[in-house]
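Engineer: Residue numbers (UniProt numbering), protein chains in the order written: chain H, 1 to 157; chain X, 1 to 246.
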Amino acid sequence: MSEDRKQGDPVMQWVTFCLGDEKYGINVMQVQEVLRITEIAPVPGAPSYVLGIINLRGNVVTVIDTRNRFGLPSKETDDASRVVIIETDRHIIGILVDSVAEVVEMRASEIETAPNVGNEESSKYIQGVTSRDNQLLILVDLNKFLSDDEKAELDMF
Amino acid sequence: MKQKSPPGIVKQQLALDAYLQTLLDDVPEADASVEAEASPPVKASPVTSVARQPARIFVEALPPAALIAEPKVAKPQTVSPVTALAAVENPAKLQALSVMPEWSQYEFQALFFKVDQLILATPLVELSRTIKMDRKPSQIPGQPSWFLGLVDEHDCRIGVLDTNQLIFGKSRARVRNLEDSPASRILITQDKRWGLICDEILSIGKIKPDGVRWRTARQKKPWLIGTVIDELTAIVDVKQLVPHRK
C-alpha cells in the first residue's frame with residue numbers, strides 16, 4: 001500500500017450498501033458499526049429525511065432516511081435492512097439502508113467523477129462512480145452528506 | 001452572389017434583425033432560467049460563420065434542388081449577404097445569426113427516430129452508435145429528472161437522458177418511468193458521453209440543406225436547428241441538446 005501511495009494512487013476501502021437497484025460505497029474509516037434494524041423513535045417536527053432517533057448504548061443517535069435523502073421512494077424495512085453508524089465531522093449519525101453488501105478495495109484512479117448536470121448543492125455528496133462486478137458503484141462523501149445547518153439541527157434532537 | 005444590395009432591403013433586414021432581437025430580449029428572466037435547466041447552454045463550436053461562407057445555404061446561390069423526394073425549395077431565410085453586412089455593424093447580432101454546425105452546409109445523412117409520438121431527425125455525424133436499452137441506468141442521487149442515470153457500455157460511462165423531457169421540458173413532457181414504459185434504444189453521442197433514449201428508430205435518410213427550413217437565431221431551444229420541409233420533421237442538433245458534462 002505504501003508503494004501505491006508513493007505512486008500517488010492510494011488504495012481505499014469502501015463499505016458498500018444497497019438502496020433499491022443501486023449500490024453505494026462509503027469510506028470504511030467513517031463507519032463505526034452496522035446495526036440490525038431496531039426501534040427508531042420518531043422525532044416530532046423533524047425534517048423529512050430524519051427517521052428518528054435510536055439509543056445506542058446510552059447515546060442518542062439520529063437516523064437518516066437515506067432513501068429520502070437520495071430521492072428514492074420509501075420502502076418498508078425488512079431482515080436485510082441495516083442502520084450504518086457513521087462519523088461525519090464529529091457528528092455520529094445512523095443511515096438506514098436496504099442492506100449492507102461488503103467491503104471493497106479501490107484505487108483512487110478507478111474512481112471517476114460523476115457527471116453533475118443538476119444543482120451543485122443537490123448532489124455535492126456524490127464523490128464519484130466506479131464499476132464493480134459489472135455494476136456501477138456510487139461513492140458517497142459522508143462529510144458532505146449533510147450541510148452544516150443540517151448537522152446543527154440534528155444536534156438539537 | 002449579389003455585390004450590392006438596395007438600401008431598402010438593408011433597412012428591411014435591419015428592421016427584421018431589430019425585431020428579432022427585441023423578441024429575444026423580451027424573454028422573461030424566469031423563462032430563461034427554466035430553459036437553462038431544461039436544455040443545456042449553447043455551445044458555440046463547431047461553427048461555420050456566415051461571414052466565412054456567406055449565404056451558402058440561404059441565398060439565391062442555393063444548389064439546384066435535387067433533394068430526396070423533390071422537396072419544395074426552402075424559402076430563403078433572413079440570413080443573406082445583406083444581413084451579413086448589417087451584422088458586421090453589430091458583432092453580437094452576427095453571432096446570433098451565424099452559429100451553424102458544419103454538417104448543415106452540405107447534404108447529410110440523418111437518423112429518423114421516434115420519441116413518444118414525435119418523429120425527430122439528427123445527423124449521423126453527431127452520433128457514434130445506437131444501443132438496445134436492455135438495462136436500467138444506474139441512478140445518481142440529486143440529479144434532474146431528465147438525467148436517467150449511467151450505463152456502462154464498452155468502457156464508456158454513458159449518461160442516459162430523457163429526450164422527451166429535454167425537448168418539451170419537465171412540465172410538458174410525460175415523465176417516463178423506465179420500469180413501466182421502457183425505451184427501445186439509446187442514441188449515443190459522438191463523444192460517447194451521453195445517450196438519448198428513443199422509442200423507435202425509423203430510418204436513415206439523406207437531407208439536403210435546401211430541403212430544410214433552418215433556424216439561424218437559436219438563443220431559445222438551440223437544439224432545434226431546423227425542420228425538414230417535406231416531412232415536417234424537426235432536426236435536432238444533439239450537441240446542443242445534451243448538457244455539458246462537468
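C-beta atoms are modelled at their ideal positions from N, C-alpha and C, and glycine is treated no differently. It should be emphasised that the depicted structure is a prediction, and the values quoted were computed from it without experimental measurement.
Please report whether the beta-carbon of residue 148(H) lies at a distance below 8 Å from any beta-carbon of chain X.
Structural biologist: No, residue 148(H) does not count as interfacial toward chain X.
Engineer: So which residues of chain B does residue 136(X) contact, with C-beta pairs closer than 7 Å?
Structural biologist: In the structure shown, chain B does not exist; the protein chains are H and X.
Engineer: What residues in the segment 99-131 of chain H bring their beta carbon closer than 7 Å to a beta carbon of chain X?
Structural biologist: The segment 99-131 of chain H vs chain X, Cβ under 7 Å: 112, 114, 115, 116, 117, 118, 122, 123, 126, 129 and 131.
Engineer: Taking Cβ-Cβ distances below 7 Å as the criterion, which residues of the segment 64-90 of chain H are in contact with chain X?
Structural biologist: Under the 7 Å Cβ criterion, the segment 64-90 of chain H contributes 70 and 71.
Engineer: Just how far apart, CA to CA, sit residue 99(H) and residue 18(H)?
Structural biologist: Going from the Cα of residue 99(H) to the Cα of residue 18(H) covers about 5 Å.
Engineer: Spatial neighbours of residue 242(X) within its chain, please: CB distance less than 7 Å, with the 5 preceding and 5 following residues excluded, ordered by chain position.
Structural biologist: Within the same chain, residue 242(X) has close Cβ partners 40, 161, 189 and 194.
Engineer: Please confirm whether residue 185(X) has its beta-carbon closer than 8 Å to some beta-carbon of chain H.
Structural biologist: Not closer than 8 Å to any Cβ of chain H, the Cβ of residue 185(X) fails to qualify, so no.
Engineer: Between the alpha carbons of residue 31(X) and residue 222(X), how many angstroms are there, rounded?
Structural biologist: The predicted model places residue 31(X) with a pLDDT of 36, which falls under 50 and marks its position as unreliable; any figure quoted below should be read in that light. Taking the straight line from one Cα to the other gives about 15 Å.
Engineer: Using DSSP with H/G/I as helix, E/B as strand and the rest coil, what is residue 40(H)?
Structural biologist: Correct three-state label for residue 40(H): coil.
Engineer: Which class does residue 200(X) belong to by DSSP, given the choice of helix, strand or coil?
Structural biologist: In the structure shown, residue 200(X) sits in a strand (DSSP, three-state: E or B).
Engineer: Look at the alpha carbon of residue 158(H) and the alpha carbon of residue 124(X), and state the distance between them as a whole number of angstroms.
Structural biologist: Shown here, chain H extends from 1 to 157; a query on residue 158(H) therefore has no answer.
Engineer: Beta carbon of residue 200(X), beta carbon of residue 184(X): below 8 Å?
Structural biologist: In contact: residue 200(X) and residue 184(X) (Cβ atoms closer than 8 Å).
Engineer: Residues in the segment 132-161 of chain X with C-beta within 7 Å of chain H's C-beta atoms, listed in sequence order?
Structural biologist: Result list: 136, 138, 139, 140, 141, 142, 143, 144, 147, 150, 152, 157 and 159.
Engineer: Please report the straight-line C-alpha distance between residue 140(H) and residue 150(X), rounded to a whole angstrom.
Structural biologist: Spanning the two alpha carbons is a distance of roughly 16 Å.
Engineer: Tell me the DSSP secondary structure of residue 227(X) in three-state form.
Structural biologist: Strand.
Engineer: Checking the sheet assignment: what are the DSSP bridge partners for residue 131(H)?
Structural biologist: According to DSSP, which records beta bridges pairwise, residue 131(H) is partnered with 136(H).
Engineer: Among all the DSSP beta bridges, which residues are the ones paired with residue 106(X)?
Structural biologist: The partner list for residue 106(X) (beta bridge, DSSP) is empty, contrary to what the question assumes.
Engineer: Just by C-beta distance, which residues in the segment 206-239 of chain X are closer than 9 Å to chain H?
Structural biologist: Hits within the stretch: zero.
Engineer: Please confirm whether residue 142(H) has its beta-carbon closer than 8 Å to some beta-carbon of chain X.
Structural biologist: Not one chain X Cβ lies under 8 Å of residue 142(H).
Engineer: The alpha helix (DSSP H) spanning residue 66(H) covers which residue range?
Structural biologist: Its alpha helix (DSSP H) spans residues 66-69.
Engineer: By DSSP, does residue 142(X) sit in helix, in strand, or in coil?
Structural biologist: Three-state result, residue 142(X): coil.
Engineer: Quick one: grab the DSSP three-state call for residue 13(H).
Structural biologist: Correct three-state label for residue 13(H): strand.
Engineer: Please classify residue 55(H) as buried or exposed, where buried requires at least 16 other C-beta atoms within 10 Å of its C-beta.
Structural biologist: It is exposed - the Cβ of residue 55(H) has fewer than 16 other Cβ atoms within 10 Å.
Engineer: Contact check, residue 84(H) vs residue 94(H) under 8 Å by CB: the rounded distance?
Structural biologist: Contact holds; Cβ gap of about 7 Å.
Engineer: Closest to residue 30(H) by C-alpha separation, out of 128(H), 155(H), 57(H) and 13(H), would be which residue?
Structural biologist: Nearest option by C-alpha distance: 13(H).
Engineer: Please name the residue, chosen from 68(H), 57(H) and 134(H), that lies closest to residue 97(H) on a Cα-to-Cα basis.
Structural biologist: The shortest Cα separation from residue 97(H) among 68(H), 57(H) and 134(H) belongs to 68(H).
Engineer: Just the chain X side, please: which residues come within less than 7 Å of residue 136(H) by C-beta, in chain order?
Structural biologist: The answer, in chain order, is 138, 150 and 152.
Engineer: With H, G and I counted as helix, E and B as strand and the rest as coil, what does DSSP make of residue 112(X)?
Structural biologist: Correct three-state label for residue 112(X): strand.
Engineer: Quick check on the DSSP output: the alpha helix (DSSP H) that includes residue 104(H) runs from which residue to which?
Structural biologist: Premise fails: residue 104(H) lies in the beta strand (DSSP E), 99-107, not in any alpha helix (DSSP H).
Engineer: So with CB distances below 7 Å, who are the chain H contacts of residue 243(X)?
Structural biologist: Under the 7 Å cutoff, chain H gives 117.
Engineer: DSSP has residue 57(H) in a bridge; who is on the other side?
Structural biologist: Note: residue 57(H) sits in no beta bridge, so no partner.
Engineer: Should residue 107(H) be labelled buried (16 or more other beta-carbon atoms within 10 Å of its own) or exposed?
Structural biologist: The residue in question, residue 107(H), is exposed, as its Cβ has fewer than 16 Cβ neighbours within 10 Å.
Engineer: I need the straight-line Cα distance from residue 63(H) to residue 147(X), nearest angstrom please.
Structural biologist: Approximately 29 Å between the Cα atoms of the pair.
Engineer: Assuming residue 133(X) and residue 229(X) make a contact with CB atoms under 8 Å, what is their CB distance in whole Å?
Structural biologist: Wrong, their Cβ atoms sit about 31 Å apart, outside the cutoff.
Engineer: Taking just the CA atoms, how far does residue 38(H) sit from residue 249(X)?
Structural biologist: The shown model of chain X, from 1 to 246, leaves out residue 249(X), and the question about it has no answer.
Engineer: Alpha helix (DSSP H) containing residue 152(X): first to last residue?
Structural biologist: No alpha helix (DSSP H) contains residue 152(X), which is instead part of the beta strand (DSSP E) from 147-153.
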